[in-house]
Amino acid sequence: MNIFLMQNSYKQIDLLSSKYNDPDMRFDICSCQFVYHYSFETYEQADMMLKNACGNLSPGGYFIGTTPNSFELVKRLEASETNSFGNDVYNVKFEKKGDYPLFGCKYDFHLEEVVDVPEFLVYFPLLEEMAKKHGMKLVYKMTFREFYEEKIKNEEHKMLLRRMQALEPYSTHGDSRLVSDKPDDYEHAEEFIKDGKAKLPLVFTWYLHFRSNRETSHTGCSKKGSYPCANWNDQKSIVATIFLFFIF
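Each residue of the sequence shown is one higher than the last, beginning at 1470 in our numbering.
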């Protein structure tokens, strides 16, 4: 069963079950894709978002989601000479460096012709701890890269990528029709071929559907405080994190 309820603003998150015809109805799965981080402006908003996601799950139900990787965002910010980083397709801008509160750590994310809104960092160990309050246990967490490398081994999954036209062929012979006219956008593909990692002088890139190289991560701890700065540089560079919580 799918239920669609309109919410005018993530700042005014209401208890969704109060809007159901049957407030006690149960669901097996709740999916939240690149949305949860908008609620991390305050603890109250983030907690209500979790309550809406998990409060009406059946025993054994799942909460599945993706959220921008705060560790990678901070890592790139600290490596930048300014308070922003990006390219001609996307840009991420923070108000300042060095201060990353657990809630209300705002940054402006701009994606060409798609997104131009303020967002908030989500510290995944904190999200994990908050989820426990609602009877949830983390059972699965994987970066997009790890997810891809695992699933691409399956021929059926490869065929799905081709059907989706999610990959773009790149050839050193110059006979590929490329999406971008900027050679720098394909440096990684050219280096991959030169290093002898490709069996043929042809590789496939994600440029077609993932030009922005958007980042993603996880959460977990108290209502107040800030991110443990020492942990930022210890995190592996990742594009996104897929998470799965299980209600017990």
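The beta carbon of each residue, even a glycine, is placed where N, CA and C say it ideally should be.
Can you give me the Cβ contacts of K1663 inside the same chain, cut-off strictly under 7 Å, excluding the 5 residues immediately before and after it? Mapped onto the sequence shown, residue 1663 falls at position 194. Closer than 7 Å at the Cβ level, and outside the excluded window around K1663, lies no residue.
In terms of residue numbering, what span does the alpha helix (DSSP H) encompassing L1630 cover? Residue numbering aside, residue 1630 sits at position 161 when the sequence shown is read from its first letter. Taken as a continuous stretch (DSSP letters only), the alpha helix (DSSP H) holding L1630 covers E1624 to R1632.
Considering only the alpha carbon of each residue, which of L1571, G1573 and T1551 lies closest to K1565? On the sequence shown, residue 1565 is found 96 positions in, with the first residue counted as 1. When only C-alpha atoms are compared, the closest one is T1551.
Let me know the secondary structure DSSP gives R1646 once reduced to three states. Residue mapping note: residue 1646 aligns to position 177 of the sequence shown, counting from 1. Coil.
Which residue's Cα is closest to the Cα of C1499: N1525, Y1507 and K1622? Locating residue 1499 in the sequence shown gives position 30, counting from the first residue. Of N1525, Y1507 and K1622, the residue nearest in Cα terms is N1525.
Count the other C-beta atoms from every protein chain shown that fall within 10 angstroms of the C-beta of P1587, then say buried if there are 16 or more, exposed otherwise. Along the sequence shown, read from residue 1 onward, the residue named residue 1587 stands at position 118. Exposed is the call here.
Determine, using beta carbons only, whether M1628 and D1516 come nearer to each other than 8 Å. Taking the sequence shown and counting its residues from 1, the one referred to as residue 1628 is at position 159. Taking the sequence shown and counting its residues from 1, the one referred to as residue 1516 is at position 47. Contact flag unset, no.
Hey, is the stretch 1526-1534 in contact with the stretch 1610-1628, meaning 3+ C-beta pairs nearer than 8 Å? no
So, is K1488 buried or exposed, given that buried needs 16 or more other C-beta atoms within 10 angstroms? Locating residue 1488 in the sequence shown gives position 19, counting from the first residue. That one is exposed.
Between which two residues does the alpha helix (DSSP H) carrying P1594 extend? By one-based count along the sequence shown, residue 1594 stands at place 125. First-last of the alpha helix (DSSP H) with P1594: F1593 to K1602.
Same chain, Cβ closer than 7 Å to L1713, neighbours up to 5 away in sequence not counted: Counted from its first residue, the sequence shown places residue 1713 at position 244. Excluding positions up to five away in sequence, the list reads Y1531, I1533, V1608 and Y1609.
Check whether the Cβ atoms of E1510 and F1593 lie closer than 8 Å to each other. To locate residue 1510, count along the sequence shown from 1; it is residue 41. To locate residue 1593, count along the sequence shown from 1; it is residue 124. Against a cut-off of 8 Å, the Cβ pair of F1593 and E1510 comes out as no contact.
Compare the C-alpha of A1635 against each of D1650, K1622 and Y1617 and name the closest. Position 166 of the sequence shown holds residue 1635. The candidate whose alpha carbon is nearest that of A1635 is Y1617.
On the DSSP bridge list, what partners appear for H1579? In the sequence shown, residue 1579 corresponds to position 110, counting from 1. Bridge partners of H1579: N1560 and D1585.
Residue span of the beta strand (DSSP E) that contains K1544, given as start and end: On the sequence shown, position 75 is the one that residue 1544 refers to. Note, K1544: premise wrong, no beta strand (DSSP E); alpha helix (DSSP H) at S1539 to A1548.
Can you say whether M1605 is buried or exposed, counting buried as having 16 or more other CB atoms within 10 angstroms of its CB? The residue you call residue 1605 lines up with position 136 of the sequence shown. With 16 or more other Cβ atoms within 10 Å, it is buried.
Could you check where the beta strand (DSSP E) with T1520 kicks off and where it finishes? Position 51 of the sequence shown, counting from 1, holds the residue named residue 1520. Here residue 1520 turns out to be Lys, not Thr, going by the sequence shown. Looking at the DSSP string, K1520 is not in any beta strand (DSSP E); the run it does join, the alpha helix (DSSP H), is Y1512 to C1523.
C-beta contact flag for L1485 and N1521 at 8 Å: What you label residue 1485 is simply residue 16 of the sequence shown in a count that begins at 1. What you label residue 1521 is simply residue 52 of the sequence shown in a count that begins at 1. Yes. Within cutoff.
Segment limits, beta strand (DSSP E) that includes I1533: Locating residue 1533 in the sequence shown gives position 64, where the first residue counts as 1. Counting along the chain, the beta strand (DSSP E) containing I1533 begins and ends at L1526 to T1536.
Let me check one thing: in DSSP terms, what residues is P1492 bridge-paired to? On the sequence shown, residue 1492 is found 23 positions in, with the first residue counted as 1. Its beta-bridge partners do not exist; DSSP assigns none.
Through-space distance from V1591 to T1637, alpha-carbon basis: Here residue 1637 corresponds to residue number 168 of the sequence shown, with the count starting at 1. Here residue 1591 corresponds to residue number 122 of the sequence shown, with the count starting at 1. One point to set straight first is that residue 1637 is Glu, not Thr, in the sequence displayed. Cα-Cα distance, rounded: 32 Å.
On a Cα-Cα basis, can you pick out the residue from Y1507, L1519, H1657 and D1493 that is closest to K1601? Here residue 1601 refers to the residue found at position 132 of the sequence shown. Checked all of Y1507, L1519, H1657 and D1493; the closest Cα to K1601 is L1519.
Just how far apart, CA to CA, sit S1646 and R1495? As a first step, residue 1646 must be located in the sequence shown, where it is residue number 177. As a first step, residue 1495 must be located in the sequence shown, where it is residue number 26. With the sequence shown as reference, residue 1646 is identified as Arg, and Ser is not the correct amino acid for it. C-alpha separation (whole angstroms): 49 Å.
For H1687 and Y1512, I'd like the C-alpha separation in whole angstroms. Here residue 1687 refers to the residue found at position 218 when the sequence shown is read from its first residue. Here residue 1512 refers to the residue found at position 43 when the sequence shown is read from its first residue. Because H1687 sits at a pLDDT of 32, beneath the cut-off of 50, its placement in the model cannot be relied upon, and the following sentence gives the value as read from the coordinates. If I take the Cα positions, the gap works out to 16 Å.
Identify whether Y1607 lies in helix, strand or coil by the three-state DSSP scheme. Here residue 1607 refers to the residue found at position 138 of the sequence shown. For clarity, residue 1607 is Leu in the given sequence; the question names Tyr instead. Of the three classes helix, strand and coil, the one that applies to L1607 here is strand, per DSSP.
Whole angstroms is fine: what's the gap from F1540's alpha carbon to K1622's? Within the sequence shown, residue 1540 is the residue found at index 71, counting from 1. Within the sequence shown, residue 1622 is the residue found at index 153, counting from 1. Each residue's alpha carbon lies about 28 Å from the other.
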